[in-house]
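Have a look at the structure below before the remarks.
Residue numbers (the numbering used here): 7 to 105.
If you want it as structure tokens, here you go:
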């Protein structure tokens with residue numbers, strides 16, 4: 007199993023542990039509350055979505071990655087999503103190590 011697949015598996019694990027939030031309004035709220043530790047944006051998200059999240063993450067000093075496709079993220083967490091965010095630092099650090 008390669009690191010990309012392990013990182014996708016980690017998304018599912020974090021979701022089941024309730025340490026991953028997904029969906030545009032929920033992720034934005036967690037960024038504003040500074041509960042988000044790391045934000046993941048689909049590489050095939052719209053330019054507007056990417057800019058919105060990158061600007062928010064930059065302002066609040068939250069690391070963000072544009073990685074995986076919408077399909078890969080959706081399959082990993084079982085919901086159709088474009089963005090998700092770890093709310094737990096341990097999961098965020100594990101994710102960074104895999105990439």
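Glycine is no exception: its CB is placed at the ideal position from the N, C-alpha and C atoms.
query, result
"For residue 38, which of 9, 65 and 29 has the nearest alpha-carbon?", "65"
"Per the contact definition of three or more C-beta pairs closer than 8 Å, is the region 95–102 in contact with the region 16–30?", "yes"
"Helix, strand or coil for residue 23, going by three-state DSSP, please let me know.", "coil"
"Decide if the region 40–51 is in contact with the region 79–92; the criterion is three or more beta carbon pairs, one per stretch, under 8 Å apart.", "yes"
"Here's a check: name, in chain order, each residue in its chain whose Cβ is nearer than 7 Å to the Cβ of residue 33, leaving out the five neighbours to either side.", "27, 42, 45, 89, 90 and 91"
"Can you list, in chain order, the residues of its chain with a C-beta nearer than 8 Å to that of residue 83? Leave out the 5 residues immediately preceding and following it.", "17, 18, 21, 26, 28 and 90"
"Between residue 73 and residue 50, how many whole angstroms is the CB-CB distance? I'm expecting something under 8 Å.", "Contact doesn't hold; Cβ gap of about 11 Å is too wide."
"Taking C-alpha atoms, which residue in 104, 87, 105 and 103 lies nearest to residue 31?", "87"
"In three-state DSSP terms, what is residue 98?", "helix"
"Suppose you measure from the CA of residue 102 to the CA of residue 62; what does that come to, to the nearest Å?", "20 Å"
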